[in-house]
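Counting in the working numbering, the sequence shown runs from 3 upward without gaps.
Built from N, CA and C at the ideal position, the CB exists for glycine as well.
Presented below is the structure to which this report refers.
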Amino acid sequence: MDLYRSKAAIVGRLGPVVAWLGERGISPDAVTLAAIPVGVVAAACLLVSPAVPLALLAVPFLAALRLILNLLDGALARRTGRIHPRGEFYNEVGDRLADVLFLAPVAFLPGASSVAVLLGVCLSLIASHAGLASRAAGGERIYRGILSKPGRMVLLSVSAGGAFAFGADAWYVFGSLLLAGALLTLGERLVIAVRSLE
Numbered sequence: 003m004d005l006y007r008s009k010a011a012i013v014g015r016l017g018p019v020v021a022w023l024g025e026r027g028i029s030p031d032a033v034t035l036a037a038i039p040v041g042v043v044a045a046a047c048l049l050v051s052p053a054v055p056l057a058l059l060a061v062p063f064l065a066a067l068r069l070i071l072n073l074l075d076g077a078l079a080r081r082t083g084r085i086h087p088r089g090e091f092y093n094e095v096g097d098r099l100a101d102v103l104f105l106a107p108v109a110f111l112p113g114a115s116s117v118a119v120l121l122g123v124c125l126s127l128i129a130s131h132a133g134l135a136s137r138a139a140g141g142e143r144i145y146r147g148i149l150s151k152p153g154r155m156v157l158l159s160v161s162a163g164g165a166f167a168f169g170a171d172a173w174y175v176f177g178s179l180l181l182a183g184a185l186l187t188l189g190e191r192l193v194i195a196v197r198s199l200e
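Here is the structure:
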């Protein structure tokens, strides 16, 4: 699930989109912050899904859009030379907010284990913080992990598809998988950070 390894290839395919955005003067910050309303829509789709199951079909597309926006903002900033510390701040805060918006609503769905989901969200946020803390301490930003951000979006998308096809029981294992994956990701990042920092 460490899908960051394919990041360069995906960014290369998005070149025409990056060029189109740059030609129209769209700010990288606007692309970064667009992930938050996408997360709001995803949260709404999840929360209404018990009454409107068709809303679950939008979740994989919204998760993919979130990941694409995350790739586009950095590529656009590099292309236009609009790289600044505030942009990185927006990126990191926006990512954490989007994670909560995409994942936490599952805790309130029939069939899901609310405790496991919310603990998984908390551990995912701590794992993200560990990756950032490594850079703050003088090392590299750590993206690796069995359930990094792309992995979390894949897990959510597959679970949403399963819930649409098979009913609410498909959410039963989501919390356990999220919690276990977040815990393993946190452990891996802590080991990498400790080994790499002097």
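| Asked | Found |
| --- | --- |
| Less than 8 angstroms between C-beta atoms, sequence neighbours within five positions excluded: which residues of the same chain meet that for V33? | L23, L71, L74, D75 and L78 |
| Under 7 angstroms Cβ to Cβ from S161, same chain only, skipping five residues before and after it: list those, please. | A172, W173 and F176 |
| Roughly how many angstroms separate the alpha carbons of L125 and L181, rounded to a whole number? | 7 angstroms |
| According to DSSP, is P87 helix, strand or coil? | helix |
| Mind reading off the beta-carbon distance from L69 to F104? Whole number of angstroms is fine, and I expect it under 8 angstroms. | Contact doesn't hold; Cβ gap of about 11 angstroms is too wide. |
| Compute the Euclidean distance between the alpha carbons of G141 and L199, then round it to the nearest angstrom. | 6 angstroms |
| Considering only the beta carbon of each residue, do V123 and A114 sit closer than 7 angstroms? | no |
| Let me know the secondary structure DSSP gives L56 once reduced to three states. | helix |
| What does the alpha-carbon distance come out to for the pair A165 and G83? | 43 angstroms |
| How is G76 classed by DSSP in three states: helix, strand or coil? | helix |
| Using a threshold of 7 angstroms, state whether the C-beta atoms of S51 and A57 are closer than that. | yes |
| Using the C-alpha atoms, what's the distance from L120 back to N93? | 23 angstroms |
| How close, in whole Å, do the beta carbons of Y155 and A65 come, if the pair is a contact with beta carbons under 8 angstroms? | For the record, residue 155 in the displayed sequence is Met; it is not Tyr. With a Cβ gap of about 4 angstroms, M155 and A65 count as contacting. |
| Which class does I144 belong to by DSSP, given the choice of helix, strand or coil? | coil |
| May I ask you to report which of helix, strand or coil DSSP gives E200? | coil |
| Since A132 and A195 are thought to touch, with beta carbons under 8 angstroms apart, how far apart are those beta carbons, to the nearest angstrom? | 6 angstroms |
| Among L49, A44 and P55, which residue has its Cα nearest to the Cα of R62? | A quick correction: the sequence has Pro, not Arg, at residue 62. Out of L49, A44 and P55, A44 has the C-alpha closest to the C-alpha of P62. |
| May I have the straight-line CA-CA distance separating S150 from S178, to the nearest angstrom? | 16 angstroms |
| Since I believe E90 is in contact with G212 (beta carbons under 8 angstroms), could you give me their beta-carbon distance rounded to a whole number of angstroms? | Residue 212 is absent from the structure shown; the chain starts at 3 and stops at 200. |
| What three-state label does DSSP hand I128 in the structure shown? | helix |
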